[in-house]
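J.:
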Amino acid sequence: MSATVRIPTILRTYTDGRSEVTAEGATLAEVIADLDRNHTGIGARLLDDTGKLRRFVNVYVNDDDVRFADGLATEIPGGAGISIIPAVAGGC
Amino acid sequence: MATAAPAATSTVDLGPAAALSCRECGTEFPLGPSFACLECFGPLEIAYDYSGYDTAGLRARIEAGPASIWRYAPLLPVPAEVASRPNLNPGWTPLVAADRLGRELGFTGRLHVKDDSGNPTHSFKDRVVACAVEAARAFDFTTLSCSSTGNLAGAVGAAAARAGLRSCVFIPHDLEHAKIVMAAVYGGDLVGIEGNYDDVNRFCSELIGDPAGEGWGFVNVNLRPYYGEGSKTLAFEICEQLGWRLPEQIVVPIASGSQLTKIDKGLRELIRLGLVEDRPYRIFGAQATGCSPVAEAFKAGRDVIRPVKPDTIAKSLAIGNPADGPYVLDIARRTGGAVEDVTDAEVVEAIGLLARTEGIFAETAGGVTIGVLKKLVESGQLDPSRETVAINTGDGLKTLDAAAGAGLTAVIRPSLESFRAAGLG
Numbered sequence: 000m001s002a003t004v005r006i007p008t009i010l011r012t013y014t015d016g017r018s019e020v021t022a023e024g025a026t027l028a029e030v031i032a033d034l035d036r037n038h039t040g041i042g043a044r045l046l047d048d049t050g051k052l053r054r055f056v057n058v059y060v061n062d063d064d065v066r067f068a069d070g071l072a073t074e075i076p077g078g079a080g081i082s083i084i085p086a087v088a089g090g091c
Numbered sequence: 000m001a002t003a004a005p006a007a008t009s010t011v012d013l014g015p016a017a018a019l020s021c022r023e024c025g026t027e028f029p030l031g032p033s034f035a036c037l038e039c040f041g042p043l044e045i046a047y048d049y050s051g052y053d054t055a056g057l058r059a060r061i062e063a064g065p066a067s068i069w070r071y072a073p074l075l076p077v078p079a080e081v082a083s084r085p086n087l088n089p090g091w092t093p094l095v096a097a098d099r100l101g102r103e104l105g106f107t108g109r110l111h112v113k114d115d116s117g118n119p120t121h122s123f124k125d126r127v128v129a130c131a132v133e134a135a136r137a138f139d140f141t142t143l144s145c146s147s148t149g150n151l152a153g154a155v156g157a158a159a160a161r162a163g164l165r166s167c168v169f170i171p172h173d174l175e176h177a178k179i180v181m182a183a184v185y186g187g188d189l190v191g192i193e194g195n196y197d198d199v200n201r202f203c204s205e206l207i208g209d210p211a212g213e214g215w216g217f218v219n220v221n222l223r224p225y226y227g228e229g230s231k232t233l234a235f236e237i238c239e240q241l242g243w244r245l246p247e248q249i250v251v252p253i254a255s256g257s258q259l260t261k262i263d264k265g266l267r268e269l270i271r272l273g274l275v276e277d278r279p280y281r282i283f284g285a286q287a288t289g290c291s292p293v294a295e296a297f298k299a300g301r302d303v304i305r306p307v308k309p310d311t312i313a314k315s316l317a318i319g320n321p322a323d324g325p326y327v328l329d330i331a332r333r334t335g336g337a338v339e340d341v342t343d344a345e346v347v348e349a350i351g352l353l354a355r356t357e358g359i360f361a362e363t364a365g366g367v368t369i370g371v372l373k374k375l376v377e378s379g380q381l382d383p384s385r386e387t388v389a390i391n392t393g394d395g396l397k398t399l400d401a402a403a404g405a406g407l408t409a410v411i412r413p414s415l416e417s418f419r420a421a422g423l424g
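Chains as they are written, first to last, in numbering that gives the first Met the number 0: chain H, 0 to 91; chain S, 0 to 424.
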């Protein structure tokens, strides 16, 4: 499946400054692997040494936080929009 | 290769702030409008250069300073002359000796309420925004923005108006009416997003990465390292108001967990600078049961926060994916504290309890804190013989619906007979 991936500012060093790229994969894990093939090094920014999503990385597939779905095993429908966002917050 | 890192800004004057440092991996970056580590996505914090600080002189300098957070300017990322610039001069709010509340809850030690409803826009947010405004000025931003659960929107609108900046703030569209009015009145753009706070937050993060967001200072996103430091002033004031002493126990509401972690940071800085004696203190976190991912993780002994979909009347605490949650767990466990939660019914009851015993009308977040304080005492988790401070972060006028049960206790004719007949005389 092909997906459009929105890249946060701090990762655009890996995408030649592009804010949006396309990647292939049936699951989020496969999409990240494909991203890393085309933009070497980006995978290590998203995943920790054990291969899990880093604690401060939020990923949304079609507006849904993958932590509410199946994490890296979340299925990626054809034409999906994926957003990668560093965790930030407000409130108290 | 193009770099996404902010331009080095070593020439900006932000007082003792020397660099940005990753809380996770320690990598340092120049001061700039950046909030996430380029190496590991971890949150960035301010690293200070306190070399040459004379402790005895510093305490005297603080005590001679203005009756606002700017008395602590030497400990904040702000220029030395900050108090003379147009800003809301928040802080130096009362530390109320809550003897009547303490008696009702079974305290034998002193209980205080740090009442931050007295800030210019009636919540603690004025503290953090005031620090963010200085960073916005340093980085030449012309628009001040934020994602907000309500209180922050008003604080940003007011601070921008005072500083002469444009404001454009984003909130969930279904916030309490009072908070919408209090954010809109300052004349900036107020945009309702169809979604919850976490959706608003996500939208703002994407806007920052878009050309449409250029020149915008989002106080709690790209200015977050500077903004967060403002919460330290709660810790500074509490200690100074106690006579330069650490409280033994402190109860803090949790939304993202930022305030609690910065209060801990502030206490540790005072110890490191020799401004207070180093002795143990315990920090407790308070959440509403309808949005209690940190309390759930604490009780389950987990290190990982599982995000939740918020469902509580305490909307200012309704952050389902709290960024600083893991740090809250670390602090509660390190200091021997706890993280507890109370139901919406208990929140409403606690608002009434605080109002009835101390004359303080808290917003729902304050109800959460007092409700949790009560629960912690009843469950034996908090020691009522120890000096304790509970923080009320906002004014009950902002969440009137929560106190809707309060109203006229009697309606009488304008006669003494009627007065007596109603049992009032």
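Beta carbons are placed, not taken as given, at the ideal position from N, Cα and C, and that holds for glycine.
(1) When the Cβ atoms of the segment 229-249 of chain S are set against those of the segment 84-92 of chain S, are three or more pairs found closer than 8 angstroms?
(2) Check whether the segment 329-345 of chain S touches the segment 281-295 of chain S, counting contact only when three or more Cβ pairs, one atom from each stretch, lie closer than 8 angstroms.
(3) Rounded to a whole number of angstroms, what is the C-alpha to C-alpha distance between Asp302 of chain S and Gly229 of chain S?
(4) Going by the beta-carbon positions, is the gap between Ile31 of chain H and Leu10 of chain H smaller than 8 angstroms?
(5) Pick out the complete beta strand (DSSP E) segments inside the segment 189-253 of chain S, 3 residues or longer, and give them in chain order.
(6) For Asp263 of chain S, I'd like the list of residues in its chain whose CB is within less than 8 angstroms of its CB, leaving aside the five on either flank, ordered along the chain.
(7) Jot down the residue ranges of each uninterrupted beta strand (DSSP E) in the segment 331-357 of chain S, minimum 3 residues, whole runs only, in chain order.
(8) According to DSSP, is Ala129 of chain S part of a helix, a strand, or is it coil?
(9) According to a CB-to-CB cut-off of less than 9 angstroms, which residues of the segment 11-30 of chain S neighbour chain C?
(10) Cα separation between Arg58 of chain S and Gly50 of chain H?
(11) Give the straight-line distance between the Cα atoms of Asn37 of chain H and Cys39 of chain S, rounded to the nearest whole angstrom.
(12) Please decide whether Glu205 of chain S counts as near chain H, where near means a Cβ-Cβ distance under 8 angstroms.
(13) Across the segment 112-132 of chain S and the segment 405-413 of chain S, are there enough close Cβ pairs to call them in contact, namely three or more that are closer than 8 angstroms?
(14) To which residues of the same chain is Ser222 of chain S closer than 7 angstroms at the C-beta, ignoring the five residues directly before and after it?
(15) What are the residues that DSSP puts in a beta bridge with Ile474 of chain S?
(16) What are the residues that DSSP puts in a beta bridge with Gln380 of chain S?
(17) Tell me, which residues are paired with Ser166 of chain S by DSSP?
(18) By the criterion of Cβ-Cβ separation under 8 angstroms, what are the contact partners of Asp64 of chain H in chain S?
(19) Quick one: what's got a C-beta closer than 6 angstroms to Gly77 of chain H's C-beta in the same chain, skipping five residues either side?
(20) Once you ignore the five residues that flank Val307 of chain S on each side, which residues in its own chain have a CB closer than 7 angstroms to its CB?
(21) Suppose you measure from the CA of Ala7 of chain S to the CA of Pro15 of chain S; what does that come to, to the nearest Å?
(22) Out of S:Lys261, S:Thr392, S:Leu375, which one is the CA nearest neighbour of Leu43 of chain S?
(23) Considering only residues of the segment 386-424 of chain S, which uninterrupted alpha helix (DSSP H) runs meet the minimum length of 4 residues and lie entirely inside it, listed in chain order?
(24) By a C-beta neighbour count over all protein chains shown, 10 Å radius and 16 as the cutoff for buried, is Asp64 of chain H buried or exposed?
(25) With Ser1 of chain H as the anchor, note down where its beta strand (DSSP E) starts and where it stops.
(26) Drop a sphere of 10 angstroms on the beta-carbon of Asn61 of chain H, count the other beta-carbons inside from all chains shown, and report buried for 16 or more, exposed for fewer.
(27) Let me see if you follow: with CB-CB separation under 8 angstroms, is Arg36 of chain H close to chain S or not?
(28) How many Å lie between Gly395 of chain S and Lys113 of chain S at the Cα?
(29) When DSSP labels each residue in this structure, what does Ile179 of chain S get in the three-state scheme?
(30) State yes or no: is the beta carbon of Ser82 of chain H nearer than 8 angstroms to at least one beta carbon in chain S?
(31) What separation, rounded to the nearest whole angstrom, lies between the Cα atoms of Gly16 of chain H and Ile390 of chain S?
(32) Work out the CA separation of Ala211 of chain S and Met0 of chain S for me, nearest whole Å.
(33) Could you name the residues of chain H that Arg201 of chain S contacts, counting a contact when the two beta carbons are closer than 8 angstroms?
T.: According to the structure data:
(1) Yes, the segment 229-249 of chain S touches the segment 84-92 of chain S.
(2) Short answer: they touch.
(3) Asp302 of chain S and Gly229 of chain S: Cα-Cα distance of roughly 27 angstroms.
(4) In this structure, Ile31 of chain H sits away from Leu10 of chain H, with a CB-CB distance that is not shorter than 8 angstroms.
(5) Runs found: 215-217, 248-252.
(6) Excluding sequence neighbours, Asp263 of chain S sits near Ala234, Ile282, Ile330, Thr334.
(7) Runs of the beta strand (DSSP E) inside the segment 331-357 of chain S: 338-341.
(8) For Ala129 of chain S, the secondary structure class from DSSP, reduced to helix, strand or coil, is helix.
(9) Here chain C cannot be found, since the structure's protein chains are H and S.
(10) Approximately 49 angstroms between the Cα atoms of the pair.
(11) Those two C-alpha atoms are separated by around 20 angstroms.
(12) With 8 angstroms as the cut-off, Glu205 of chain S counts as an interface residue toward chain H.
(13) Contact between the segment 112-132 of chain S and the segment 405-413 of chain S is not established, with fewer than three Cβ pairs separated by less than 8 angstroms.
(14) One point to set straight first is that residue 222 of chain S is Leu, not Ser, in the sequence displayed. Taken in chain order, the residues that qualify are Pro32, Ala131, Ala134, Ala135, Gly216.
(15) No information on residue 474 of chain S is available, as it lies outside the stretch 0 to 424 that chain S covers here.
(16) In DSSP, Gln380 of chain S forms no bridge with anything.
(17) Paired residue(s): S:Leu143.
(18) Asp64 of chain H reaches chain S at Asp197, Pro306, Asn320, counting residues in chain order whose Cβ is nearer than 8 angstroms.
(19) Annotation for Gly77 of chain H: Met0 place their beta carbon closer than 6 angstroms to its own, counting only its chain and skipping 5 residues before and after.
(20) Closer than 7 angstroms at Cβ, skipping near neighbours: Cys290, Pro292, Gly319.
(21) Because the pLDDT of Ala7 of chain S is 46, which lies under 50, any placement of that residue in the model is unreliable, and the question is left without a value.
(22) The shortest Cα separation from Leu43 of chain S among S:Lys261, S:Thr392, S:Leu375 belongs to S:Lys261.
(23) If only uninterrupted alpha helix (DSSP H) runs of at least 4 residues are considered, those enclosed by the segment 386-424 of chain S are 415-420.
(24) Buried, because 16 or more other Cβ atoms sit within 10 Å of the Cβ of Asp64 of chain H.
(25) Ser1 of chain H -> beta strand (DSSP E) spans 1-5.
(26) So Asn61 of chain H ends up on the exposed side.
(27) Not closer than 8 angstroms to any Cβ of chain S, the Cβ of Arg36 of chain H fails to qualify, so no.
(28) The alpha-carbon atoms of Gly395 of chain S and Lys113 of chain S are separated by roughly 15 angstroms.
(29) Under the three-state reduction of DSSP output, Ile179 of chain S falls in the helix class.
(30) Closer than 8 angstroms: yes.
(31) In this structure, the alpha-carbon of Gly16 of chain H lies about 44 angstroms from that of Ile390 of chain S.
(32) Note that Met0 of chain S scores a pLDDT of 30, beneath 50, so its modelled location is shaky; the value from the coordinates is reported in the next line. Our two residues, Met0 of chain S and Ala211 of chain S, have alpha carbons roughly 23 angstroms apart in a direct line.
(33) Under the 8 angstroms cutoff, chain H gives Asn57, Tyr59, Ser82, Ile84.
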